[in-house]
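Q:
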Amino acid sequence: MTARRKVTTAAFLGLAPLALAGISAAPAAAHGSMADPVSRIAACHAEGPESPDSAACKALVAAGGTQPLYDWNEVNLPAVAGQHQQQIPDGKLCSVGRDKYKGLDLPRTDWPTTAMAAGQKTFQWRATAPHVGTLSLYITKDGYDPTKPLKWSDLEAQPFVSVTNPPLVNGSYVFKGEVPKKTGRHLVYSILQRSDSPEAFYTCSDVAFGGGTGGAPAAKAPTDQQIEQGAGKSSVDHGGHGGDTPAEVKQNGAYAAGHEAQGHSATQVAATKAAKPQGGDSATLAETGGDGNTPYIAAGGAIVLAVGAGAMFATARRRASAGGR
């Protein structure tokens with residue numbers, strides 16, 4: 007075998023594993039929510055998006071329809087980069103200012119609730135697609151009034167739990183923390199700020215101290231079966247970047263800047279938006295996440311690469327043979 011043939015054959019064989027890797031790569035497309043204490047959106051999803059049991063979850067559906075419950079794992083902002091208070095207005099902390107999730111901001115005392123007690127506790131954040139980053143839990147101050155819209159000033163200034171890259175156990179981030187002494191009804195606000203992207207995720211969990219749930223329904227996290235059953239009606243096919251409707255795309259002016267900060271050019275963002283069948287925004291995430299078409303694009307690209315490389319090297323071999331005669 008000539009030196010040229012050895013080089014071309016080695017190059018072709020070297021590309022084959024890359025093609026196979028592209029076919030097997032399947033970035034996930036959704037993210038998660040607090041499971042203990044159970045977030046409002048997760049509790050309502052567990053009750054059933056089409057016919058929730060509790061009055062609060064029924065009010066959520068009345069405010070924004072059932073789609074928010076199918077998209078329970080994507081209460082996020084795409085380009086916040088730690089500027090949470092600057093981007094989320096008072097009264098809209100639970101919806102993070104997204105009209106789609108406005109029902110989460112309803113001030114009421116009957117949201118499904120988790121019983122809490124002071125002292126050591128194990129927390130769980132259900133991760134339908136893991137992301138590296140820091141998860142911080144804040145709790146409301148003494149005197150918190152659940153009948154009023156939640157404001158930033160209602161939360162303690164510092165998180166009572168903060169953990170970076172918590173371990174993933176059976177599909178959930180599991181970590182321990184010390185719960186402060188409180189009485190009556192309170193709210194736990196979680197922020198998961200990714201370190202590989204400016205994107206962040208948020209949850210509101212209603213809790214009660216002093217035994218029981220304070221007269222509210224007991225919150226339950228969705229089971230694996232419920233999550234699987236509802237996945238088919240989820241519209242989270244864009245990696246959870248937010249802006250599912252044209253109105254939200256217009257509202258979120260930081261969208262394109264966030265994607266460009268992640269290395270996506272304006273052309274890529276526009277092309278991905280145009281590819282989404284029903285409008286709204288759509289783009290892949292950095293590092294993890296991705297839109298629903300990503301695995302197929304990756305596989306198709308890898309196959310084209312392999313076939314193209316094979317054709318190129320076959321041509322090179324023919325030329326080499328002709329030159330050797």
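Note that the numbering used here has the sequence shown beginning at 7, numbered continuously upward.
Note that CB positions come from ideal geometry on N, CA and C, so glycine has one too.
(1) Beta-carbon within less than 7 Å of I94's beta-carbon, same chain only, minus the 5 sequence neighbours each way: which residues are those?
(2) Can you give the Cα-Cα distance for P155 and L99, rounded to whole angstroms?
(3) Just to confirm my understanding: we take Y150, look at its own chain, exclude 5 residues before and 5 after, and list those with CB closer than 6 Å. What are they?
(4) Can the beta-carbon of F129 be found closer than 8 Å to that of D42?
(5) Are the segment 138 to 148 and the segment 162 to 169 touching, with three or more C-beta to C-beta distances below 8 Å?
(6) What ranges does the beta strand (DSSP E) occupy inside the segment 140 to 212, keeping only unbroken runs of at least 3 residues that lie completely in it?
(7) Under 8 Å between the Cβ atoms of T133 and G88?
(8) Drop a sphere of 10 angstroms on the beta-carbon of D111, count the other beta-carbons inside from all chains shown, and report buried for 16 or more, exposed for fewer.
(9) Using only alpha-carbon positions, find the residue among L75, K64, K188 and N171 that is nearest to A121.
(10) With DSSP run on the structure shown, which of helix, strand or coil describes D77?
(11) Look at the alpha carbon of S211 and the alpha carbon of S45, and state the distance between them as a whole number of angstroms.
(12) What is the DSSP secondary structure of L99, counted as helix, strand or coil?
(13) Excluding the five sequence neighbours on either side, which residues of its own chain have a C-beta within less than 7 Å of the C-beta of G236, listed in chain order?
(14) Which of the three DSSP states, helix, strand or coil, is assigned to K127?
(15) Near A225, what residues of its chain come up, given a Cβ to Cβ distance below 6 Å and the 5 sequence neighbours on each side ignored?
(16) Looking only at its chain, what residues have a beta carbon closer than 8 Å to the beta carbon of G125, apart from the 5 residues adjacent to it on each side?
(17) Quick one: what's V67 bridged to in DSSP?
(18) Short check: CB of S241 to CB of Q92, under 8 Å?
(19) Out of Y208, A123, G218 and G190, state which residue places its alpha-carbon closest to the alpha-carbon of P152.
(20) What residue does the beta strand (DSSP E) around A48 start on, and which one ends it?
(21) Note down, in chain order, each residue of its chain lying with its Cβ closer than 7 Å to the Cβ of Q199, except the 5 sequence neighbours on either side.
(22) According to DSSP, is G109 helix, strand or coil?
(23) Bridge partners for D59 per DSSP, in chain order?
(24) Can you tell me which residues form a DSSP beta bridge with G38?
(25) Output yes or no for whether 8 Å exceeds the beta carbon distance between K108 and A69.
(26) Would you give the residue range spanned by the beta strand (DSSP E) that A237 belongs to?
(27) Given this structure, state the Cα-to-Cα distance separating G216 from V194, to the nearest angstrom.
(28) Using the beta-carbon count (16 or more within 10 Å), is L83 buried or exposed?
(29) Determine the extent of the beta strand (DSSP E) in which T120 is found, giving its start and end residues.
(30) Since Q89 is in the alpha helix (DSSP H), which residue starts that stretch and which ends it?
(31) Quick one: residues in its chain with C-beta nearer than 7 Å to the C-beta of E53, no 5 flanking neighbours on either side, listed in chain order?
(32) Kindly indicate which residue of L174, T229 and F166 has the alpha-carbon position closest to the one of K127.
(33) Given this structure, state the Cα-to-Cα distance separating A289 from N171, to the nearest angstrom.
A: So, from the data block:
(1) On the sequence shown, position 88 is the one that residue 94 refers to. Cβ neighbours of I94 beyond the five flanking positions: V102 and G103.
(2) Here residue 155 corresponds to residue number 149 of the sequence shown, with the count starting at 1. Here residue 99 corresponds to residue number 93 of the sequence shown, with the count starting at 1. Distance between the alpha carbons of P155 and L99: 9 Å.
(3) Taking the sequence shown and counting its residues from 1, one reaches residue 150 at position 144. The residues are D160 and H192.
(4) What you label residue 129 is simply residue 123 of the sequence shown in a count that begins at 1. What you label residue 42 is simply residue 36 of the sequence shown in a count that begins at 1. It is a contact, given that the beta carbons lie within the stated cut-off.
(5) yes
(6) 167 to 170, 178 to 185 and 190 to 200
(7) Within the sequence shown, residue 133 is the residue found at index 127, counting from 1. Within the sequence shown, residue 88 is the residue found at index 82, counting from 1. Reading the sequence as shown, one finds Ala at residue 133 and not Thr. No, the pair does not count as a contact, with Cβ atoms beyond the cut-off.
(8) Within the sequence shown, numbered from 1, the residue matching residue 111 stands at position 105. Buried, by the Cβ-count rule.
(9) The sequence position of residue 121 within the sequence shown is 115, counting from 1. Checked all of L75, K64, K188 and N171; the closest Cα to A121 is K188.
(10) Start at 1 with the first residue of the sequence shown, and residue 77 comes out as number 71. In the structure shown, D77 sits in coil (DSSP, three-state: anything other than H, G, I, E or B).
(11) Indexing the sequence shown from 1 puts residue 211 at position 205. Indexing the sequence shown from 1 puts residue 45 at position 39. Each residue's Cα considered, the two are about 4 Å apart.
(12) For this step, residue 99 is matched to residue 93 along the sequence shown. The answer is coil: DSSP assigns L99 none of H, G, I, E or B.
(13) Here residue 236 refers to the residue found at position 230 when the sequence shown is read from its first residue. If we look at G236 and ignore the five residues flanking it on each side, its Cβ neighbours are H51, P55 and Y76.
(14) In the sequence shown, residue 127 corresponds to position 121, counting from 1. In this structure, K127 counts as strand in the three-state DSSP scheme.
(15) The count along the sequence shown starts at 1 and reaches residue 225 at position 219. V44, A49, P118, T119 and T120, listed in sequence order.
(16) To locate residue 125, count along the sequence shown from 1; it is residue 119. If we look at G125 and ignore the five residues flanking it on each side, its Cβ neighbours are E184 and V185.
(17) Within the sequence shown, residue 67 is the residue found at index 61, counting from 1. Partner(s): none; V67 has no beta bridge.
(18) The residue labelled residue 241 in the question sits at position 235 within the sequence shown. The residue labelled residue 92 in the question sits at position 86 within the sequence shown. For S241 and Q92, no; Cβs fall outside 8 Å.
(19) As a position in the sequence shown, residue 152 is number 146, starting the count at 1. Considering only alpha carbons, the answer is G190.
(20) Numbered from its first residue, the sequence shown carries residue 48 at position 42. Careful: A48 lies outside any beta strand (DSSP E), inside the alpha helix (DSSP H) at R46 to E53.
(21) What you label residue 199 is simply residue 193 of the sequence shown in a count that begins at 1. So the list reads G88, G139, T140 and A206, once near-sequence residues are dropped.
(22) Position 103 of the sequence shown holds residue 109. Note: G109 maps to helix in three-state DSSP.
(23) By one-based count along the sequence shown, residue 59 stands at place 53. DSSP lists no partner for D59.
(24) Counting from one through the sequence shown, the residue named residue 38 turns up at place 32. Beta-bridge pairing links G38 to A133.
(25) Reading the sequence shown from its first residue, position 102 is the one you call residue 108. Reading the sequence shown from its first residue, position 63 is the one you call residue 69. Yes, the Cβ-Cβ distance between K108 and A69 is below 8 Å.
(26) Residue numbering aside, residue 237 sits at position 231 when the sequence shown is read from its first letter. Segment D230 to A237 is the alpha helix (DSSP H) holding A237; no beta strand (DSSP E) there.
(27) Indexing the sequence shown from 1 puts residue 216 at position 210. Indexing the sequence shown from 1 puts residue 194 at position 188. Whole-angstrom Cα-Cα distance: 16 Å.
(28) On the sequence shown, position 77 is the one that residue 83 refers to. With 16 or more Cβ atoms within 10 Å of its Cβ, L83 is classed as buried.
(29) Counting from one through the sequence shown, the residue named residue 120 turns up at place 114. From DSSP, the beta strand (DSSP E) with T120 extends over T119 to M122.
(30) Residue 89 sits at position 83 when you count from the first residue of the sequence shown. Neither: Q89 is in no alpha helix (DSSP H) and is coded neither H nor E.
(31) Along the sequence shown, one-based indexing puts residue 53 at 47. So the qualifying residues of the chain are D59, S60 and C63.
(32) Mapped onto the sequence shown, residue 127 falls at position 121. Selected option, being the one with the closest Cα: F166.
(33) The residue labelled residue 289 in the question sits at position 283 within the sequence shown. The residue labelled residue 171 in the question sits at position 165 within the sequence shown. For A289, the predicted model reports a pLDDT of 28, less than 50, meaning its position is unreliable; a value from the coordinates is still stated below. Straight-line Cα distance between these residues: approximately 24 Å.
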